[in-house]
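All residue numbers for the sequence shown refer to the working numbering, where the first residue is 240 and numbers rise by one. Beta carbons: idealized from backbone N, C-alpha and C, even for Gly. Only one structure is covered here, and it is reproduced in the block below.
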Amino acid sequence: MALIRIEPVRDERTGRYFLEIYNPHDAPVPFVTTQPRYASATAAETDLVAILAATASSAG
């Protein structure tokens, strides 16, 4: 099973949070980075979980 690492990061310019997603989990640089659009780190992580859950439930 593949593992990824997700890290919320605060954007100093906007004060909002974005996510860095690492694949594999121990990669030195992010595989993908989102836009800084979240008001908190928790909101960023919650949104990602919701996206993954929706995608998983509609697959197959």
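Rounding to the nearest angstrom, what Cα-Cα distance links residue i and residue j in this structure?
i	j	result
Pro269	Arg244	9 Å
Ala298	Val271	22 Å
Leu242	Asp265	9 Å
Arg249	Leu287	16 Å
Glu251	Tyr277	13 Å
Pro267	Tyr261	8 Å
Glu259	Ala295	20 Å
To which residues of the same chain is residue i closer than 8 Å at the C-beta, ignoring the five residues directly before and after it?
i	result
Gln274	Phe257
Pro282	The sequence shown places Ala at residue 282, rather than the Pro named in the question. Closer than 8 Å at the Cβ level, and outside the excluded window around Ala282, lie Tyr256.
Take residue i and list the residues in its own chain whose beta-carbon comes closer than 6 Å to its own, dropping the five residues that flank it on each side.
i	result
Ala280	Pro247 and Tyr256
Give the range of the alpha helix (DSSP H) segment to which residue i is assigned.
i	result
Val248	Premise fails: Val248 lies in the beta strand (DSSP E), Arg244 to Arg249, not in any alpha helix (DSSP H).
Ser297	Ala280 to Ser297
(message) Report the start-end ranges of each beta strand (DSSP E) in the segment 247-271 that is 3 residues or longer and not cut off at the edges.
(response) If you keep only unbroken beta strand (DSSP E) runs of at least 3 residues inside the segment 247-271, you get 256-261.
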